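Below: one structure, written as structure tokens.
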Ligand code: ADP
């Protein structure tokens, strides 16, 4: 089934647009971004992003879900990649997933206070995943809330960094994508994104 674009979600939910957002209105972006709540492994998109760990050999959370849904060949391909550093991204096939590809990125771990190195790492996760997608001619891409589960990144700050990085990347590369989907899983994250999306993607 079709995932509605942010423009339609905002209209339906009667979400107020800010007088003065963090970014100017940009009509070309209104139908490039979506907010979807649910299981990322069900999405029929060109690629989904995995919030992996540095071994790329599978873990819990969204990583475990993706490996279970993709089947054992995903782990086999991942085991040939030699791991992945924090903030970088590597692409594999999607195997049994409806998505054709998986872009594995490794988010920062946050224990105690959030530092600027972790903020930069999280931004790099989004940016390098988007760059890998462009390189792979991916036109539709779905992101989970990287690092906000077991890795402990505060969800509000993570949403700001995700939205800022996606907005700035799409501004420069909008013709390369049909859709970038933010796939939230938790009600709390949906609430955060519904509140923050108008600041970063004010509707034209
Ligand atoms: P990390 O180790 O990067 O923190 P987690 O998998 O622990 O990654 O959590 C990242 C986010 O993914 C969390 O918001 C979690 O609720 C969410 N998540 C878990 N399962 C799924 C799924 N099947 N689809 C989409 N998001 C999921």
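Numbering (full-length UniProt numbering), first residue to last: 174 to 377. Even for Gly, the Cβ is constructed at its ideal location relative to N, Cα and C. Bear in mind that the values here come from a model prediction, so they are computed numbers and not experimental data.
Which residue wins for smallest C-alpha separation from residue 278, given the options 215, 220 and 186?
It is 220 whose Cα lies nearest to the Cα of residue 278.
Let me know the secondary structure DSSP gives residue 226 once reduced to three states.
In the three-state scheme derived from DSSP, where H, G and I count as helix and E and B as strand, residue 226 is classed as coil.
Chain-order list of residues whose beta-carbon lies under 7 Å from that of residue 233 (same chain, five-residue window excluded)
Contacts found: 323.
Quick one: is the Cβ of residue 321 within less than 7 Å of any heavy atom of the ligand ADP?
Result yes, Cβ under 7 Å from the ligand ADP.
Taking 7 Å as the cut-off, is the beta-carbon of residue 233 closer than that to any non-hydrogen atom of the ligand ADP?
Yes; taking the cut-off as 7 Å, the Cβ of residue 233 has a heavy atom of the ligand ADP nearer than that.
Of all the options 361, 224, 372 and 327, which has the alpha carbon lying nearest to the alpha carbon of residue 264?
If we check each option's Cα against that of residue 264, 224 comes out closest.
For residue 224, is the beta carbon positioned less than 7 Å from some heavy atom of the ligand ADP?
If you check the C-beta of residue 224 against the ligand ADP, you find a heavy atom less than 7 Å away.
Compute the beta-carbon to beta-carbon distance between residue 371 and residue 190, rounded to the nearest angstrom, for a pair I have assumed lies under 8 Å.
5 Å between Cβ atoms; contact.
For residue 184, the first and last residue of its enclosing beta strand (DSSP E):
Here residue 184 belongs to no beta strand (DSSP E); instead the alpha helix (DSSP H) covers 179-185.
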